[in-house]
Amino acid sequence: MISLRAKHPKEDLAFMDKLFTKRPQASWVAGEERITPRGTSIGGTRSNSYWVSRLTEEETHSDTSLLEDYLENIYKEIIPKIESLEAFLDSGGRLELYVSLYGSRNYGLVLNPGLLARLGAAGIELQLDIHPEK
725 MISLRAKHPK EDLAFMDKLF TKRPQASWVA GEERITPRGT SIGGTRSNSY
775 WVSRLTEEET HSDTSLLEDY LENIYKEIIP KIESLEAFLD SGGRLELYVS
825 LYGSRNYGLV LNPGLLARLG AAGIELQLDI HPEK
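So this note's numbering is basically just the index in the sequence shown, starting at one, shifted up by 724.
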């Protein structure tokens, strides 16, 4: 699963909905009360603003699709919008591709240095969240 995540110390990130034409799976604004997805208060306030939306809807297998290809295609979709995000990034915002990886055995990834450089130059972070099966 690959998601796009945005974080900011205080700015409301509702503009991300329109910019990326995506509904978020979760979002909140810095200073709002902390609540569970079901609306139960868990005390305190949110320390930052957050927005997340899935870019892939289903799990895929590396035999049929390569993560590197997905990331390249996602980069091509995001990069035309980067100019619209300059103020967001310059004021402390962070944009991240969040990748959940699952596996029942040892495996490796080789990410193209050109793609990593382009992501970095655009201010896009890459987070790999690895879930080994037990």
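Heads up, the beta-carbon is just placed ideally off N, CA and C, and yes, glycines get one too.
Counted as a single uninterrupted DSSP element, the stretch harbouring GLY816 is not any alpha helix (DSSP H), since DSSP gives it neither H nor E. About 6 Å separates the beta carbons of GLU756 and THR769, which is inside the 8 Å limit, making them a contact pair. Where LYS800 is concerned, there is no enclosing beta strand (DSSP E), although the alpha helix (DSSP H) around it starts and stops at 791-802.
Taking each of LEU821, VAL834, ALA738, LEU835 in turn and checking the Cα distance to SER773, the smallest one comes out for ALA738.
DSSP, read as helix, strand or coil, puts ARG842 in helix. The stretch 744-761 and the stretch 839-858 do not touch, with fewer than 3 CB-CB distances between them shorter than 8 Å.
Three or more pairs of CB atoms, one per stretch, sit closer than 8 Å, so the stretch 816-823 contacts the stretch 726-740.
Taking 7 Å as the cut-off, the Cβ atoms of SER828 and GLU857 count as close. By alpha-carbon distance to LYS805, the top candidate from ARG818, PHE744, MET725, ARG762 is PHE744. Restricting attention to ARG778, ARG818, MET740, the CA atom closest to the CA of GLY847 is found in ARG818. The alpha-carbon separation between LEU809 and ARG778 amounts to approximately 19 Å. Rounded to the nearest angstrom, the gap between the Cα atoms of PRO733 and TRP775 is 12 Å.
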